[in-house]
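Colleague:
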Amino acid sequence: GESVSTLRVWKGAANAVSAGFVADQYVTLPKGQAQKLKLTLEAIEPLVAPVTRGQRVGAVKVTLEGKPLGEFALLALDDVAPASFFGRMWDTVRLWFK
Numbered sequence: 014g015e016s017v018s019t020l021r022v023w024k025g026a027a028n029a030v031s032a033g034f035v036a037d038q039y040v041t042l043p044k045g046q047a048q049k050l051k052l053t054l055e056a057i058e059p060l061v062a063p064v065t066r067g068q069r070v071g072a073v074k075v076t077l078e079g080k081p082l083g084e085f086a087l088l089a090l091d092d093v094a095p096a097s098f099f100g101r102m103w104d105t106v107r108l109w110f111k
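Numbering (the working numbering), first residue to last: 14 to 111.
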């Protein structure tokens with residue numbers, strides 16, 4: 014799939030994961046309304062490793078003038094393994110202050 018965002022991963026061997034869709038997504042809207050379309054990305058926070066490819070990590074909500082048109086699952090495009098013991102402990106402390 015194509016990446017639409019990079020999301021922060023806590024307690025992982027990598028500190029970020031690409032997120033996107035595995036297939037094209039479509040919405041139907043009235044002619045001439047495309048410029049009024051609003052996309053909102055809502056990520057799962059905090060996203061904690063392990064993360065597996067294909068795991069839902071958020072959603073993209075589509076609205077037109079405040080009216081919902083659709084919601085599409087945002088998926089991890091890569092795996093993120095857990096960090097080492099010390100890496101996990103460091104991120105645990107950092108999450109306390111987030």
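We treat Cβ as the ideally placed atom computed from N, Cα and C, and that holds for glycine. None of the values given here were measured: they were computed from a predicted structure.
Could you spell out the range, first to last residue, of the alpha helix (DSSP H) harbouring residue 98?
Modeller: Taken as a continuous stretch (DSSP letters only), the alpha helix (DSSP H) holding residue 98 covers 98-109.
Colleague: Are residue 77 and residue 51 close, meaning C-beta to C-beta below 9 Å?
Modeller: Cβ atoms of residue 77 and residue 51: closer than 9 Å.
Colleague: Would you tell me roughly how many angstroms separate the C-alpha atoms of residue 15 and residue 109, rounded to the nearest one?
Modeller: So the two alpha carbons sit approximately 33 Å from each other.
Colleague: Check whether the segment 24-42 and the segment 91-99 touch, using three or more Cβ-Cβ pairs below 8 Å as the test.
Modeller: The segment 24-42, when compared against the segment 91-99, does touch it at the 8 Å Cβ threshold.
Colleague: Buried or exposed for residue 73, going by 16 or more other Cβ atoms inside 10 Å?
Modeller: So residue 73 counts as buried.
Colleague: Which of the three DSSP states is assigned to residue 29 in this structure?
Modeller: Strand, per DSSP.
Colleague: Under three-state DSSP, which class holds residue 112?
Modeller: A query on residue 112 cannot be resolved here, the shown segment of the chain reaching from 14 to 111 and no further.
Colleague: Give the range of the beta strand (DSSP E) segment to which residue 51 is assigned.
Modeller: Residues 50-56.
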